[in-house]
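In the numbering used here, the protein residues as written are 274 to 534.
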């Protein structure tokens, strides 16, 4: 059954407020980031964050109001075990004045049974960005099984993750509901995590109808109080277009809301 317009618009507004508007193309320039930051401040309200490469984070910060966070990626997209390189990425993000780090968990090491390498890298990155929001990308499409996704979730939480994130968007399988359910269950199982840790679905979510299912799942497992940018994010580049279409189905010009910053 297709959702009605009211339900779509409610989900569209949640998705917009929780959106990490993302551009992680290899050829991205300051001009691309400027355009991204302009899109982040649309007539229906701001997104939660803009996510870019570390070397573009400082420029992104100059293009946004303080109310929109800057996120940048570390150990991305390969998820290697080079602690020094991951820490250097992280320090660059910190020095850029960004607020959030999205780091790729060393998923190949995890698949090889090397939990220690995973913990070492994630702990080092956590220690390198005190006070910043740390989202750990599990790359669930490569981990594949619920057992491995659960183990990755546990290690990330133990290392101090503020968010568990599904995917880089650079592998054949990105966000799936099955992976999200395992990750959300791992968050909900922790007496502290269930009230503080967030979930980010990333990769392949292009429509509000696709986002709706993640909104519903987060509400089901973590509760309606988790449907805010402190606990829920969607990482996407094209979803914003569909959000706009849902919120203004007539395509008529809209008046921007009063600024909050």
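Note that the Cβ used here is the ideal one computed from N, Cα and C, for glycine as well.
In this text, all values refer to a predicted model and were calculated from it rather than measured experimentally.
Using C-beta distances below 6 Å, list every residue in its chain close to residue i, excluding the 5 sequence neighbours before and after it, in chain order.
i, result
"residue 415", "380, 444"
"residue 528", "Annotation note: pLDDT 41 at residue 528 (below 50); position unreliable, no value reported."
"residue 438", "408, 410, 473, 475"
"residue 374", "347, 363, 366, 402, 405, 407"
"residue 303", "332"
For residue i, does the three-state DSSP call read helix, strand or coil?
i, result
"residue 478", "coil"
"residue 414", "helix"
"residue 424", "helix"
"residue 314", "strand"
"residue 286", "helix"
"residue 301", "coil"
"residue 506", "strand"
"residue 528", "Bear in mind that a pLDDT of 41 at residue 528, under 50, signals an unreliable position, so the number given afterwards is only what the model happens to contain. Coil, per DSSP."
"residue 350", "coil"
"residue 306", "helix"
"residue 356", "helix"
"residue 515", "helix"
"residue 363", "helix"
"residue 521", "coil"
"residue 377", "strand"
Under the rule that 16 or more other beta-carbon atoms within 10 Å means buried, what is residue i, buried or exposed?
i, result
"residue 420", "exposed"
"residue 417", "exposed"
"residue 497", "exposed"
"residue 508", "buried"
"residue 314", "buried"
"residue 352", "buried"
"residue 327", "buried"
Going by CA-CA distance only, name the one from the options that's closest to residue i.
i, options, result
"residue 476", "412, 504, 299", "412"
"residue 431", "388, 295, 311", "388"
"residue 489", "453, 318, 409", "453"
"residue 511", "283, 278, 297", "297"
"residue 466", "283, 434, 395", "434"
"residue 286", "523, 517, 386, 355", "517"
"residue 442", "360, 464, 276, 324", "324"
"residue 495", "344, 290, 464", "464"
"residue 399", "376, 390, 343", "376"
"residue 349", "341, 342, 359, 340", "359"
"residue 386", "355, 356, 424, 369", "424"
Looking only at its own chain, which residues have a Cβ that is under 7 Å from the Cβ of residue i, when we skip the five neighbours before and after it?
i, result
"residue 514", "none"
"residue 530", "With a pLDDT of 36 at residue 530, under the threshold of 50, the modelled position of that residue is not reliable, and no figure is offered here."
"residue 503", "471"
Under 8 Å Cβ to Cβ from residue i, same chain only, skipping five residues before and after it: list those, please.
i, result
"residue 436", "406, 407, 408, 409, 470, 471, 472, 473, 506"
"residue 448", "413, 439, 440, 474, 475, 476, 477, 478, 487"
"residue 429", "378, 395, 409, 411, 437"
Which whole-angstrom value is the C-beta distance of residue i and residue j, which I expect to be below 8 Å?
i, j, result
"residue 459", "residue 492", "Their Cβ separation, rounded to whole angstroms, is 17 Å, which puts residue 459 and residue 492 out of contact at 8 Å."
"residue 306", "residue 292", "No, residue 306 and residue 292 are not in contact; Cβ-Cβ is about 16 Å, not under 8 Å."
"residue 344", "residue 371", "6 Å"
"residue 312", "residue 294", "6 Å"
Cβ of residue i versus every heavy atom of the ligand SAM: is any distance shorter than 6 Å?
i, result
"residue 343", "With respect to the ligand SAM, the structure offers nothing, as it holds no ligand at all."
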